[in-house]
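Residue numbers 2 to 307, in the numbering used here, belong to the letters of the sequence shown in order. Note that the Cβ used here is the ideal one computed from N, Cα and C, for glycine as well. Structure, as structure tokens:
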Amino acid sequence: MPVPLPEHYTFVRDLGEGTYGTVVLARDDRRSHTDNPFVAIKVIDTRQVQHKYIRQEVSVHKSARHKHIVHVHEKVEMEDDFVALVMDYVRGGDLFAYVSKRRCLPEHQARWIFQQLMYAVLYLHESVGAAHRDIKPENILIDDSDADFPSIYLTDFGFAKYSGVNPTISNVGTPTYLAPEVFHRRDKSATAYNGQMADIWSCGVCLFVMIYGIYPQLTNAGPGRDPQYVVDLDGIQCSLYESVRVGGVSKRVSEGAMRLIRGMMAPNPASRATLADIWRDPWFLKDIPKDVGRALPRGTAAFSSR
Ligand SMILES: Nc1ncnc2c1ncn2[C@@H]1O[C@H](COP(=O)(O)OP(=O)(O)O)[C@@H](O)[C@H]1O
Ligand SMILES: [Mg+2]
Numbered sequence: 002m003p004v005p006l007p008e009h010y011t012f013v014r015d016l017g018e019g020t021y022g023t024v025v026l027a028r029d030d031r032r033s034h035t036d037n038p039f040v041a042i043k044v045i046d047t048r049q050v051q052h053k054y055i056r057q058e059v060s061v062h063k064s065a066r067h068k069h070i071v072h073v074h075e076k077v078e079m080e081d082d083f084v085a086l087v088m089d090y091v092r093g094g095d096l097f098a099y100v101s102k103r104r105c106l107p108e109h110q111a112r113w114i115f116q117q118l119m120y121a122v123l124y125l126h127e128s129v130g131a132a133h134r135d136i137k138p139e140n141i142l143i144d145d146s147d148a149d150f151p152s153i154y155l156t157d158f159g160f161a162k163y164s165g166v167n168p169t170i171s172n173v174g175t176p177t178y179l180a181p182e183v184f185h186r187r188d189k190s191a192t193a194y195n196g197q198m199a200d201i202w203s204c205g206v207c208l209f210v211m212i213y214g215i216y217p218q219l220t221n222a223g224p225g226r227d228p229q230y231v232v233d234l235d236g237i238q239c240s241l242y243e244s245v246r247v248g249g250v251s252k253r254v255s256e257g258a259m260r261l262i263r264g265m266m267a268p269n270p271a272s273r274a275t276l277a278d279i280w281r282d283p284w285f286l287k288d289i290p291k292d293v294g295r296a297l298p299r300g301t302a303a304f305s306s307r
């Protein structure tokens, strides 16, 4: 379906058609003689998306200025109830395609991407004061799909929410990446959850997917209990494997990687790894880029001797 574009932009091709918007590659006619006149434009049909979600998406995404978050240039309100979000175009596709093409990633490459992701999440949680609530490889963009150590950019703030005083009660996100306290809530309207702790879970799933090349299987430890109806969160378990098969060869997954994934995917949010825990984790800290290492989450003691 052709989507309307704001003045000064010319359609080039579709980039992605999601449930909540169409994203197209466009040329900014005012910059057509420059090196990079291209932008990505997300066009949202306000008749199909609740206004509160559009408001939050635009507000959180526009205020997030970080080297690992897709930069928004402007928001344009158009006729016929369409809103356009004009952003930097990121040319290497998304992390889902990147991992699928390689089957899975060697740990040091997965770590490099994961460190950038956590740096963006730390900024979002502690500087912007918001939760993303839909972190998954499809919403993480890559600058160069052929690079072993690409730069990544978090995007799609369609479910983002400021932390504020109201705990989160809506049931948004994508099932595979949803934390169990979100997915398995018995009374969907009554139980509040912490959107930022749910983001940590989703980042743990992203790390799992990069390392194992498959989705985690959540099982219920109690015999015969349907995970849909679990009330006791600690009854849910995620299987971690000690090795992964790549091209017919079995490759060991390190203890350190498994420990971190286990901590981030702790079913009970109260015992889940926090950002401060992650910034103390030896596997995470290995080969850490200087800026990521210098960023200190709340609750982390600064080491003056280092
Ligand atoms: N700035 C961008 N540069 C390049 N591709 C993008 C950009 N933004 C989105 N895309 C592509 O479009 C898809 C959908 O965009 P997204 O913002 O995630 O919308 P939705 O809410 O529909 O999931 C992404 O998964 C990605 O492949
Ligand atoms: Mg998306």
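According to DSSP, residues forming a beta bridge with I70: As a working note, residue 70 is residue 69 in the sequence shown. In the DSSP secondary-structure assignment, I70 is bridged to L155.
D46: CB within 7 Å of a non-hydrogen atom of ligand 2: For the purposes of this step, residue 46 is identified with residue 45 of the sequence shown, where counting begins at 1. Checking the Cβ of D46 against ligand 2 gives no.
As assigned by DSSP and simplified to three states, the class of K252: Here residue 252 corresponds to residue number 251 of the sequence shown, with the count starting at 1. In this structure, K252 counts as strand in the three-state DSSP scheme.
Quiz: which residues have CB nearer than 7 Å to ligand 3 non-hydrogen atoms: For ligand 3, the structure offers nothing, since it holds only ligand 1 and ligand 2.
V183 burial status per 10 Å Cβ neighbour count (16 or more: buried): Locating residue 183 in the sequence shown gives position 182, counting from the first residue. Burial check for V183: the Cβ neighbour count within 10 Å reaches 16 or more, so the residue is buried.
The stretch 263-273 contacting the stretch 244-251, beta-carbon criterion three pairs below 8 Å: Flag = no, the stretch 263-273 and the stretch 244-251 do not touch.
Distance between A132 and Y124 (C-alpha atoms, nearest Å): Translated into the one-based positions of the sequence shown, residue 124 becomes position 123. Translated into the one-based positions of the sequence shown, residue 132 becomes position 131. When the Cα atoms are used, Y124 and A132 turn out to be separated by approximately 10 Å.
Beta-carbon proximity of V44 to P5, cut-off 8 Å: The sequence position of residue 44 within the sequence shown is 43, counting from 1. The sequence position of residue 5 within the sequence shown is 4, counting from 1. Their beta carbons are under 8 Å apart, which means V44 touches P5 by this criterion.
Of the listed residues D135, D147, Y120 and L96, nearest to K291 (C-alpha basis): Taking the sequence shown and counting its residues from 1, one reaches residue 291 at position 290. Looking at the Cα atoms, Y120 is the closest of the given residues.
Counted within 10 angstroms of its Cβ, other Cβ atoms place H34 as buried (16 or more) or exposed: Counting from 1 along the sequence shown, the entry for residue 34 is found at position 33. By the 10 Å Cβ count, H34 comes out exposed.
Closer than 7 Å: Y54 CB and nearest ligand 1 heavy atom: The residue you call residue 54 lines up with position 53 of the sequence shown. Incorrect: Y54 has no Cβ contact closer than 7 Å to ligand 1.
Spatially closest choice to V87 from C207, P38 and R273, by CA coordinates: The sequence position of residue 87 within the sequence shown is 86, counting from 1. Distance from the Cα of V87 is smallest, within the candidate group C207, P38 and R273, for P38.
Under the three-state DSSP convention, the category I55 falls into: Within the sequence shown, the letter at position 54 stands for residue 55. The three-state secondary structure of I55, taken from DSSP, is helix.
Simplified DSSP assignment, three categories, for T11: What you label residue 11 is simply residue 10 of the sequence shown in a count that begins at 1. Residue state, collapsed to three classes: strand.
Cβ-heavy atom distance, V84 to ligand 1, below 7 Å: Counting from 1 along the sequence shown, the entry for residue 84 is found at position 83. False, no ligand heavy atom lies under 7 Å from that Cβ.
A111, enclosing alpha helix (DSSP H) - first and last residue: The count along the sequence shown starts at 1 and reaches residue 111 at position 110. A111 -> alpha helix (DSSP H) spans E108 to L123.
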